[in-house]
Amino acid sequence: MAQLLPFSIVDTPADNLHRIPVCNTRISSILLLDETHDQQAVMQSLKQSSGLLEQTNDLETARALLKRCHFDLIIVNLDLFSSITDEWERILRHYSDHSDIICLSEQRDSELAIRVLRAGGADLLHKPCTINEIMRSVQYCLERRSKERHSYLRSPWQQERLTNSELIGDSSAINEVSEIITRVAPTPSTILIQGESGTGKELAARAIHMQSRRKGAFVAINCSAIAPDLMESELFGHQRGAFTGAQQARDGLFVHAHGGTLFLDEIGEMPLSMQAKLLRVLEERCIRPVGGDKQVPIDVRIVAATNRNLEHESQNGNFREDLYYRINILTLTMPPLRDRPEDIPPLVHHFVGKLSGELSVPEIPLSHADLTQLQQHDWPGNIRELRNFIERCLLLGKLPLNYLRQENPAPQDTAPGAGYPSEWDLERVIRRHTEQVLQHTNGNKSEAARQLGISRKTLERKLQAWATDS
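Residue 830 in the working numbering is what sits at position 388 of the sequence shown, and the numbering runs on without skipping anything.
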């Protein structure tokens, strides 16, 4: 396997490079897949046009690099391939969706040029080619990609996405959620988001909508906040005179979300009668307003959310089993905040900056000890509780950490001088003390582990071992 050339290449003398055009447009990364005798000069020129430069003449190494990171520009010597096959064209077409590709080859075949361009290649240069020819092609690709990037960043869709996306954190749990959202957002499939209250289910739904590029609106409804007898009218709309008080026709939320996304929050609270009508809409992609006699076609992407276990609810008859299977095409689970404490510092800084501006109050200073204390709290209300806590801190002008300590005081002995019998061994004392702490925290294992000074996994392992011994 070929060695990657480091950045500490001996620089080619400047007087030998005075004729090489250098791109002013900086890009993130370039991959050079080639083995030429003048490679050092090419590398030196490319190095001045990139923030990251990798080089190899081995196909497997190139595959590994492409899996590990994104390259804005790929320069590939086609002569490294044993033959130009359909599989080669498929690979080229796949990577050309995300990167500009410049191909080099000693073959002077018009058919090869056509195949390269059809597969998405940006340019085909015939070898031997000069450094000037290579760099002119590189400059053209970089300038075009730079214009596309600036246009993308200025687009209203991207500005709205950057403004509204608040899936903040770098934990493995939230990164996994973000990766799934990025993968499924462009599809029309129905998504079910599960998670405890306050974990950010609506934020995830908004992120799905923003990344879907659907041109319609994002419309949200909390199914638990609508009276059962009004839900059909709220979703499907009604005709004039359809019921008492319907003095004029009204469009439902499905119509308002046409071409966009309808977010059904707390779908587990939806009445069974309404669930049947929703199932019919999902299957036929048409709605019928209350009092109407015509079907209205709709183009709406459904994202539902719940803090209930819908599988158990359907088994108990509280949720339609057929609707559960219809919306459970893909389930996205939002992790509770206690399972990702490393995300608390960036969330705190985000809320401090955002809320201080909204409330017109100065930001509060945060020390490392403050953030550590916040990370040790269980946050049963998840992100919503953390946000409200930060808002309270901003209004008070300080971080009242005693609030967290008062919520979870350390367990006290039941009587002065109380202890354990002297005949008990250490393991029995540890077990009894652990059980008392668990009882004091109402079975909250995360808080009990924090007070005991051990990890939650260690606590669960001990509890499992004691249960086996019992």
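Quick reminder that beta carbons are idealized off the backbone N, C-alpha and C, glycines included.
- Around the C-beta of H651, 16 or more other C-beta atoms lie within 10 Å, and the residue is accordingly described as buried.
- Cα atoms of T572 and L546: separation of roughly 11 Å, rounded to the nearest angstrom.
- When secondary structure is reduced to three states using DSSP, F513 falls in the coil class, being assigned neither helix nor strand.
- Here DSSP, grouped into helix, strand and coil, assigns P739 to strand.
- Annotation: the continuous beta strand (DSSP E) that includes C545 extends over D542 to S547.
- Taking all protein chains shown into account, A891 has 16 or more neighbouring C-beta atoms within 10 Å of its C-beta and is therefore buried.
- If you compare the alpha carbons of S487, E889, P777 and R780 with that of E575, the shortest gap goes to S487.
- With a cutoff of 8 Å on beta-carbon distance, L508 and I472 are scored as not near each other.
- The beta-carbon distance between A504 and L475, rounded to whole angstroms, is 5 Å. This is short enough to meet the 8 Å contact definition.
- Each residue's CA atom was taken as its position, placing L495 and H512 some 11 Å apart.
- Across the structure, D542 and S552 are spaced so that their CA atoms are roughly 21 Å apart.
- Look at H882 here: in three-state DSSP terms it is helix.
- Bounds of any alpha helix (DSSP H) do not take in N664; it lies within the beta strand (DSSP E) bounded by F660 to N664.
- With a beta-carbon spacing of about 5 Å, I635 and A646 fall inside the 8 Å limit used to define contacts.
- Annotation for E800: the continuous alpha helix (DSSP H) segment containing it runs I786 to L801.
- With a cut-off of 8 Å on Cβ pairs, the segment 622-631 is not in contact with the segment 777-797, counting fewer than three such pairs.
- Three or more Cβ pairs closer than 8 Å define a contact, and the segment 774-786 meets that threshold against the segment 798-817.
- Per the C-alpha coordinates, the member of Q717, Q549 and Q497 positioned closest to L520 is Q549.
- By the CB criterion at 8 Å, F678 and F696 fall inside the cutoff.
- Of the residues G759, L584, K899 and D781, the one whose Cα lies closest to the Cα of T641 is D781.
- Going by C-alpha positions, R903 is about 11 Å away from T910.
- Taken through DSSP and simplified to helix, strand or coil, I668 comes out as coil.
- Within the same chain, R550 come within 6 Å of H568 by CB-CB distance, once the 5 residues on both sides are set aside.
- By the CB criterion at 8 Å, R730 and Q737 fall inside the cutoff.
- CA-CA distance, K489 to R578, rounds to 15 Å.
- For Q497, no alpha helix (DSSP H) encloses it; the enclosing beta strand (DSSP E) starts and ends at L495 to T498.
- Boundaries of the beta strand (DSSP E) around T703: T703 to D707.
- For D565, the enclosing beta strand (DSSP E) starts and ends at D565 to H568.
- A residue is called buried when at least 16 other Cβ atoms come within 10 angstroms of its Cβ; N824 meets this threshold and is buried.
- The DSSP-derived three-state label of N617 is helix.
- It is roughly 41 Å from the alpha-carbon of Q681 to the alpha-carbon of V619.
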